[in-house]
Amino acid sequence: MALSQKGKIMQQWTPGHRFYTIGSMLKKLVRKGYGSARRSLYLRYTVEWVDWDFGIIPVKIIILDVTDTGKRLNASARLSPENGCQFRYWKLTGNMAYCSRGGLLLLAILILASNVLHTRASTKGGKKIKSATFLSPKFVLGPGSVVNRFYYNIEFPKGHIGIKSFSAEVIDDAGNPVPLHETYLHHWFVERYYQRLDVVENNHEQKFKESDRISAGNSGICQRGVLKQYFGLGSETRKTATHIPDPYAIEIGNPAEIPAGYDERWLLNVNAIDKRGAEDRLGCTECRCDLYNVTVSESGHPLKPDYKGGLFCCYDHTQCKVKQGFQGTRRSLYLRYTMQWVEWDRDIIPVKIFVFDVTDTGKRLNGSTGIGPENGCQVEYDIEYCSSTDASVHGCIDVKRTSLTMPSAGYVIYGVAHQHAGGIGSTLYGKDGHVICRSLPNYGEGKEAGNEAGYVVGMSTCYPEPGSIRITAGEKLVLESNYRRDQKHTGIMGNFYILVADRTLNPTSLLQAPVRGSFCALDGAGRE
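Position 396 of the sequence shown, counted from 1, bears residue number 402 in our numbering, the numbering being contiguous throughout.
As C-alpha cells, this is what we get:
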C-alpha cells in the first residue's frame, strides 16, 4: 500500500538506537562485533472522520503528567528545572539510575452538557435519522411531595429539522426507570417559544415583558395558553408510540418563521407526585384537595367550594397525606427524553399539531388566556360514583362528548388520546359519524416500570393509510371520552392529539406505502 507523503515520517535507525517522540536519539550498547545494515522505517497512521453535524458531541484532549510541579513561569514554553511538567524523571535502584516516562496519562474527556446522555444516527429510507437523549434539570421528591416545574431553554436539537419521535420517562440519579407507584407522572409537556436574544433567561422566578417571549404553540383550538404543547403525555408515556411515518415530520427551526432578534427555544413542564407511603394512593394521584390540605390556588385565590380535586390542588411544593409514621428518603429524579429527527428537505411533508379537549365548551372570551369558568377548554373534569339506578341505565360508564370545529383542512397522519386511570377509551368522529381515530388505554399488570398494575401505561395509536382520512376546513368533529364509574374520580382528562398534513403522498408513492388500515389502533407494544 502506498503511503501518502503527507502522512509519512521517516527516520534512519541503526541497531541499538531508540526513537523518542521529542526527537532525541539515545544510543544503547550492542553486543561487541554485532553488525547490521541501517534501514528506513515509517510511522503509518490511519485517521477516520465524519462531516461535522449537531449529532456529534465534541471532546477535549487533556494530558496529565506525574512530574507536574504546578509552577508556571511567565511565558515559559520549554522544559526547565522545577517549572511545570518535567515530562520524565529519574529514579535510583541500588547504584543504577533509570529514566522513566511512566508519568504520562492521556485522557479524552467528553465535554457534554450535564443533561446530554448520548446521540446516535441511523439511515432509513435514504435519510439519516439522528437521535439524542437528554435529561431535564434535577427535581427532588420525598414521600407525598409534588413537583410542577417549568424549565425554560431546555436542551433541544438546533437547525431546520423535522422531528420524527419524542419519548420520555422518569428516572432516578442512577439512571433507573422509576415505577408509577413510587413516582406518578401526572403529565409532562414540551412547548415552543421565541426568546429575545438580548434578554438573559434562566429558570428562576423572573418576570418578562410580553415582548421578550413569544409563545409558538401548536395549531390547536383551545384558548391561548392552554394545551399548546408540541409533545406531551402522562403515565402512559413508556408504552405509547410517538413515531411519525415517512415522509412526514414536525417542522421546527425554520429561519423564515423565527422573528428577527429572537431565538427558537423550548420549555418543559413536569408534574410528578411521590406516592411512597400515601394514605390514599388513588386520591393522591387524582389530586384530591382534602388529602393535600389545599383551599387556595397557587396564586393565593380561594378555590370554589365545589372544586374537589385536580391540578389546582397539586401544584409545586404541595404535600399529599402519607401514612402516620412512614419514613422515606428524599431522592433526586429526572425526566429523560429521547428525540429522533432528520435534516429538513423538500421531500418532507410537514404536519400540524392539534390537541382537542373533551371539556371544551366552545366559548372564547375576548383576550382570555388560561383556564377559567366556562371558558373554552377546562382541561379536567370529575366523575361521580355510579349509583344502582345509574348502573341499570348506563352500565356505570361515563360518556362525555363535545363538538369541535376544525379550523383547517388536511389528512390525518397520527392520532392518540390521553386518559387517566378508569379510562376505557376515547374516539374522534368526523361530521358523518365515521371514526377518525379510536384510542384505547393499556393497563399494567405488575410492579416493574412500564407495567404497573392499575395504571394506564400506554395508549393505542392510529396511523391511517396515507390519504384515507381527510378533514375539511370548518368540519364539525365530535370527541368522546369514556370512563368507568365504579368509583369517584377527580381531575381526570380527555384530550386527543392528532397530526394533520395539508397534502399526502403522490399516487406513485401511495402504491408503495405500507397499508396500515383506516384506523389501526396499536397498543404500547406495537400490537394490533
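No residue lacks a Cβ here, since even glycine has one placed at the ideal position from N, Cα and C. Small disclaimer: the values here were computed from a predicted structure and weren't measured.
Beta-carbon spacing of residue i, residue j below 7 Å
{"i": "residue 219", "j": "residue 201", "result": "yes"}
{"i": "residue 328", "j": "residue 149", "result": "yes"}
{"i": "residue 387", "j": "residue 429", "result": "no"}
{"i": "residue 500", "j": "residue 245", "result": "no"}
{"i": "residue 157", "j": "residue 142", "result": "yes"}
{"i": "residue 290", "j": "residue 316", "result": "no"}
{"i": "residue 471", "j": "residue 459", "result": "no"}
{"i": "residue 354", "j": "residue 261", "result": "no"}
{"i": "residue 498", "j": "residue 412", "result": "no"}
{"i": "residue 404", "j": "residue 336", "result": "no"}
{"i": "residue 195", "j": "residue 161", "result": "no"}
Residue i burial status per 10 Å Cβ neighbour count (16 or more: buried)
{"i": "residue 203", "result": "exposed"}
{"i": "residue 53", "result": "exposed"}
{"i": "residue 242", "result": "buried"}
{"i": "residue 74", "result": "exposed"}
{"i": "residue 43", "result": "exposed"}
{"i": "residue 332", "result": "exposed"}
{"i": "residue 469", "result": "buried"}
{"i": "residue 85", "result": "exposed"}
{"i": "residue 301", "result": "exposed"}
{"i": "residue 233", "result": "buried"}
{"i": "residue 49", "result": "exposed"}
{"i": "residue 189", "result": "buried"}
{"i": "residue 279", "result": "buried"}
{"i": "residue 231", "result": "exposed"}
{"i": "residue 265", "result": "exposed"}
{"i": "residue 299", "result": "exposed"}
{"i": "residue 496", "result": "buried"}
{"i": "residue 479", "result": "exposed"}
{"i": "residue 482", "result": "exposed"}
{"i": "residue 382", "result": "buried"}
{"i": "residue 263", "result": "exposed"}
{"i": "residue 229", "result": "buried"}
Identity of the residue in the options nearest residue i by Cα
{"i": "residue 359", "options": "339, 415, 326", "result": "415"}
{"i": "residue 441", "options": "171, 432, 428", "result": "432"}
{"i": "residue 144", "options": "341, 310, 279", "result": "341"}
{"i": "residue 487", "options": "385, 189, 263, 493", "result": "385"}
{"i": "residue 187", "options": "283, 161, 262, 173", "result": "283"}
{"i": "residue 369", "options": "173, 227, 447", "result": "227"}
{"i": "residue 135", "options": "39, 339, 344", "result": "344"}
{"i": "residue 455", "options": "504, 508, 181", "result": "181"}
{"i": "residue 475", "options": "38, 435, 457", "result": "435"}
{"i": "residue 422", "options": "508, 467, 37", "result": "467"}
{"i": "residue 267", "options": "229, 217, 239", "result": "217"}
{"i": "residue 361", "options": "269, 258, 250, 424", "result": "424"}
{"i": "residue 418", "options": "437, 240, 427, 443", "result": "443"}
{"i": "residue 338", "options": "71, 485, 146", "result": "146"}
{"i": "residue 325", "options": "349, 151, 462, 250", "result": "151"}
{"i": "residue 349", "options": "72, 453, 255, 449", "result": "255"}
Alpha-carbon to alpha-carbon, residue j and residue i
{"i": "residue 420", "j": "residue 237", "result": "13 Å"}
{"i": "residue 393", "j": "residue 248", "result": "38 Å"}
{"i": "residue 363", "j": "residue 445", "result": "14 Å"}
{"i": "residue 296", "j": "residue 323", "result": "16 Å"}
{"i": "residue 271", "j": "residue 168", "result": "15 Å"}
{"i": "residue 153", "j": "residue 321", "result": "7 Å"}
{"i": "residue 117", "j": "residue 69", "result": "Note that residue 117 scores 40 on pLDDT, short of 50, meaning its location in the model is unreliable; the coordinates nonetheless yield the value given after this. C-alpha separation (whole angstroms): 15 Å."}
{"i": "residue 225", "j": "residue 391", "result": "36 Å"}
{"i": "residue 318", "j": "residue 276", "result": "15 Å"}
{"i": "residue 308", "j": "residue 314", "result": "13 Å"}
{"i": "residue 176", "j": "residue 90", "result": "46 Å"}
{"i": "residue 439", "j": "residue 179", "result": "49 Å"}
{"i": "residue 502", "j": "residue 206", "result": "36 Å"}
{"i": "residue 174", "j": "residue 389", "result": "29 Å"}
{"i": "residue 67", "j": "residue 505", "result": "45 Å"}
{"i": "residue 366", "j": "residue 273", "result": "25 Å"}
{"i": "residue 286", "j": "residue 347", "result": "42 Å"}
{"i": "residue 305", "j": "residue 155", "result": "15 Å"}
{"i": "residue 198", "j": "residue 221", "result": "7 Å"}
{"i": "residue 46", "j": "residue 40", "result": "19 Å"}
{"i": "residue 351", "j": "residue 462", "result": "37 Å"}
{"i": "residue 171", "j": "residue 223", "result": "18 Å"}
{"i": "residue 473", "j": "residue 250", "result": "15 Å"}
{"i": "residue 61", "j": "residue 449", "result": "With a pLDDT of 47 at residue 61, under the threshold of 50, the modelled position of this residue cannot be trusted, and the question is left open."}
{"i": "residue 193", "j": "residue 484", "result": "24 Å"}
In DSSP terms, what residue i is bridged to
{"i": "residue 507", "result": "357, 417"}
{"i": "residue 482", "result": "411"}
{"i": "residue 435", "result": "441, 484"}
{"i": "residue 349", "result": "167"}
beta-carbon residue i near the ligand GTP non-hydrogen atom, thresh 6 Å
{"i": "residue 43", "result": "The ligand GTP is not among the ligands present in this structure, which contains no ligands whatsoever."}
Contact with chain C by residue i, beta-carbon distance below 7 Å
{"i": "residue 493", "result": "Protein chains in the displayed structure number just one, and chain C is not present."}
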